[in-house]
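Peer 1:
Written out as structure tokens, the structure is:
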């Protein structure tokens, strides 16, 4: 998969870490995003105006790299997810009827965060921090559903390219890191993501959402600066 092409660059970065108090980790990450997300303020070319957009939870996966130096933790991830957006609104030509529109698209993101260690509880380190979230849409939006509810009437909707494929957001996150042994680290990261504008073919809205990811990372350097696998 595309994001694994980032691995050689991460290995070069790890080879530069020589100090005893610096550690670099890399490993796979999985999780869920866009849960507890909801947006209003809606304008649509498909006849759905003044409605609410529901952001369905979606599965995410990718590759993660961490650089730890004393109390600071730098984190970079390359993630992908297929998001589903669903809208219900009164039909513009007959307000007594409800129209539902659902579409899906493949998203890629590169969250870059910096966090500060707040507390250590035995083998668990707790961090809090902020970050940037560059995000882009790979491909087009495909229709899942587009029908007048209860009427048996469905509309066709061709796949549509995004109005704006790239956007930049911000994040606030809490990170819990558990040391399994001298080589492995488990990391749980709940985060709040905010984008000023979510731009799809059928909606332009402000948006915030929660994500939760879990990663298993492998230490690429140890005290003395030697890499091991």
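In the working numbering, the protein residues as written are 29 to 257.
Cβ atoms here follow ideal geometry from the backbone N, Cα and C, with glycine treated the same way.
For residue 85, name the three-state secondary structure that DSSP assigns.
Peer 2: Residue state, collapsed to three classes: coil.
Peer 1: Count the C-beta pairs between the segment 197-212 and the segment 167-174 that are closer than 8 angstroms, then say yes if the count reaches three, no if not.
Peer 2: They do not touch, by the three-pair rule.
Peer 1: Where residue 96 and residue 103 are concerned, what is the direct C-alpha to C-alpha distance, given to the nearest angstrom?
Peer 2: 9 angstroms
Peer 1: According to DSSP, residue 204 sits in a beta bridge with which residue or residues?
Peer 2: 154 and 216
Peer 1: Just the Cα atoms here: how many angstroms apart are residue 263 and residue 176?
Peer 2: Here the chain has residues from 29 to 257 only, and residue 263 is not among them.
Peer 1: Skipping 5 residues on each side, what residues in its chain have a beta carbon closer than 6 angstroms to that of residue 138?
Peer 2: Within the same chain, residue 138 has close Cβ partners 106 and 162.
Peer 1: Counting Cβ pairs, one atom from each stretch, are 3 or more of them under 8 angstroms apart for the segment 117-136 and the segment 149-157?
Peer 2: no
Peer 1: For residue 100, I'd like the list of residues in its chain whose CB is within less than 8 angstroms of its CB, leaving aside the five on either flank, ordered along the chain.
Peer 2: 142, 143, 144 and 145
Peer 1: Going straight from the alpha carbon of residue 192 to that of residue 148, what length do you get?
Peer 2: If I take the Cα positions, the gap works out to 42 angstroms.
Peer 1: Relative to the C-alpha of residue 186, which residue among 131, 55, 112 and 90 is closest?
Peer 2: 131
Peer 1: Report yes if the C-beta distance between residue 93 and residue 242 is below 8 angstroms; otherwise report no.
Peer 2: no
Peer 1: Classify residue 205: buried if its beta carbon has 16 or more other beta carbons within 10 angstroms, exposed otherwise.
Peer 2: buried
Peer 1: Sort 112, 136, 153 and 119 by Cα distance to residue 217 and report the nearest one.
Peer 2: 153
Peer 1: Between 203, 81, 90 and 237, which lies nearest to residue 283 when the distance is taken from Cα to Cα?
Peer 2: Since the first residue shown for the chain is 29 and the last is 257, residue 283 is missing from the structure and cannot be characterised.
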